[in-house]
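**Student:** Could you have a look at this structure, given as structure tokens, before my questions?
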Amino acid sequence: MEVIKLQGTDDTPGVVLDPENMIFEISGRSMPEDVATFYQPILDWMDAHIPQLNDKIVFVFKMDYFNTASSKMLLDILVKLEDYYSEGKDIVVHWYYKEDDEDMMEAGEEYADIVDVPFEIKELES
């Protein structure tokens with residue numbers, strides 16, 4: 069299965085989609101100039117690979133910051149996870165935030181209210 073590993077930059081998050089090691093993580097800052105160009109390969113990868121996975125999928129978000137356009141794309145990822153969950157896939161989302169980052173904690177709570185998928189909001193260990 070194809071693996072996606074993108075190193076985070078000042079404007080784009082780090083992304084690891086590694087089905088062999090069951091690592092699914094998006095982390096860092098997300099404010100790419102063209103969000104659709106950045107996120108579409110991730111959405112396409114999900115369509116191509118998640119239906120083939122039978123193990124529990126823990127999809128991790130460790131975001132420091134994301135802009136409004138990225139917010140929509142993150143929601144698209146979560147809605148896709150919700151679709152797979154409703155089809156019987158064992159999926160849980162772990163949304164991490166830093167101790168003093170109320171905005172990121174609240175963003176996780178808002179996403180958890182929008183999508184019907186198990187959602188755990190956790191403070192990052194220092």
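So the sequence shown is numbered by the working numbering: it starts at 69 and just counts up by one. All C-beta atoms in this analysis are idealised placements derived from N, C-alpha and C, irrespective of residue type, glycine included. For clarity, every value in this text was computed on a predicted model and none was experimentally measured.
(1) Measure the CB-CB distance between Pro87 and Met114 and report whether it falls below 8 Å.
(2) When you compare the CB positions of Tyr164 and Val128, do they come within less than 8 Å of one another, or not?
(3) Express the C-alpha separation of Ser138 and Pro100 in angstroms, rounding to a whole number.
(4) So for Gly156, helix, strand or coil by DSSP?
(5) Should Met141 and Ser95 be called a contact, given that it needs their Cβ atoms to be closer than 8 Å?
(6) Which of the three DSSP states is assigned to Asp169 in this structure?
(7) DSSP has His162 in a bridge; who is on the other side?
(8) Whole angstroms is fine: what's the gap from Val183's alpha carbon to Asp158's?
(9) Measure the alpha-carbon distance for Ala175 versus Asp181 and round it to whole angstroms.
(10) Between Leu111, Val83, Leu85, Asp102, which lies nearest to Thr136 when the distance is taken from Cα to Cα?
(11) Which one of Ser98, Asp168, Leu121 has the shortest CA to CA distance from Glu191?
**Tutor:** The short version:
(1) no
(2) yes
(3) 8 Å
(4) coil
(5) No, the pair does not count as a contact, with Cβ atoms beyond the cut-off.
(6) coil
(7) Looking at the DSSP assignment, His162 forms a beta bridge with Val128, Glu188.
(8) Roughly 15 Å separates the two Cα atoms.
(9) 10 Å
(10) Asp102
(11) In this structure, Asp168 is the residue among Ser98, Asp168, Leu121 with its C-alpha nearest to the C-alpha of Glu191.
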